[in-house]
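Worksheet: the structure to be examined is printed underneath.
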Amino acid sequence: MNLDIIAQLVQILRDAPELGAIEVRRGLFGSWSSVRVTKAGHQANAGAGDHAVVAHGSPGTLPASSFPPAQVGEGGRGKGEVAPPTPLLEIKSPMVGTFYTAPEPGAGPYVKAGSRVAPKQVVCIIEAMKIMNEIESEVAGVIREVLVENSQPVEFGQALFRVDPHA
């Protein structure tokens, strides 16, 4: 990440006192994968409703339209007001490995966008050191997004699915 982007992020924190922190997550091979904006008074690892992912890209690319979500002037919110938090919860990878959507090649996926899940329901497999680990949902709701493609490597703590617990 270059200094211009860091300067932009610092300026956003100065201009929006309701923001508590900006967390930049790095992806594979040094690219940055997401930026998380946290409201003041909330911990960065609190519930999914306490943050918003506002940008995706590679080093040196920070779309100006991505920042800051707190300064949206439409929909009745004035400058400096925080956009409503997302109600989606994330199912995250408990380990490093390879993500698989189905129990075996050619089989249907455990879940897909629109699938209803319950706690303890298997949602995917992560292969680590030749061991197939079934990953279970910790929440009930409807899968709104599958964030990883089949057979892709995943990192510890990486979001795999976004679930709407209110659906």
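Sequential numbering from 219 applies to the sequence shown in my numbering.
Quick reminder that beta carbons are idealized off the backbone N, C-alpha and C, glycines included.
Look at the alpha carbon of residue i and the alpha carbon of residue j, and state the distance between them as a whole number of angstroms.
{"i": "F379", "j": "V360", "result": "10 Å"}
{"i": "Y318", "j": "E367", "result": "8 Å"}
{"i": "G326", "j": "Q370", "result": "17 Å"}
{"i": "R232", "j": "S333", "result": "41 Å"}
{"i": "D222", "j": "S355", "result": "39 Å"}
{"i": "Y215", "j": "P235", "result": "With the chain covering only 219 through 385, there is no way to say anything about residue 215."}
{"i": "G315", "j": "I240", "result": "27 Å"}
{"i": "L365", "j": "I349", "result": "22 Å"}
{"i": "I224", "j": "E322", "result": "44 Å"}
{"i": "L227", "j": "L237", "result": "11 Å"}
{"i": "V357", "j": "K338", "result": "8 Å"}
{"i": "M347", "j": "A320", "result": "18 Å"}
{"i": "C342", "j": "G324", "result": "14 Å"}
Closest to residue i by CA distance: which of the options is it?
{"i": "H384", "options": "L306, K348, A320 and K338", "result": "L306"}
{"i": "I309", "options": "Q229, E352, L237 and I224", "result": "E352"}
{"i": "I344", "options": "A225, M313 and A239", "result": "M313"}
Do the CB positions of residue i and residue j come within less than 8 Å of each other?
{"i": "A331", "j": "E373", "result": "no"}
{"i": "S311", "j": "Q229", "result": "no"}
Measure how close the beta-carbons of residue i and residue j come, nearest whole angstrom, since I'm counting them as under 8 Å.
{"i": "V381", "j": "V335", "result": "6 Å"}
Spell out whether any CB of chain B is found under 8 Å from the CB atom of residue i.
{"i": "G326", "result": "Here there is only one protein chain, and chain B is not present."}
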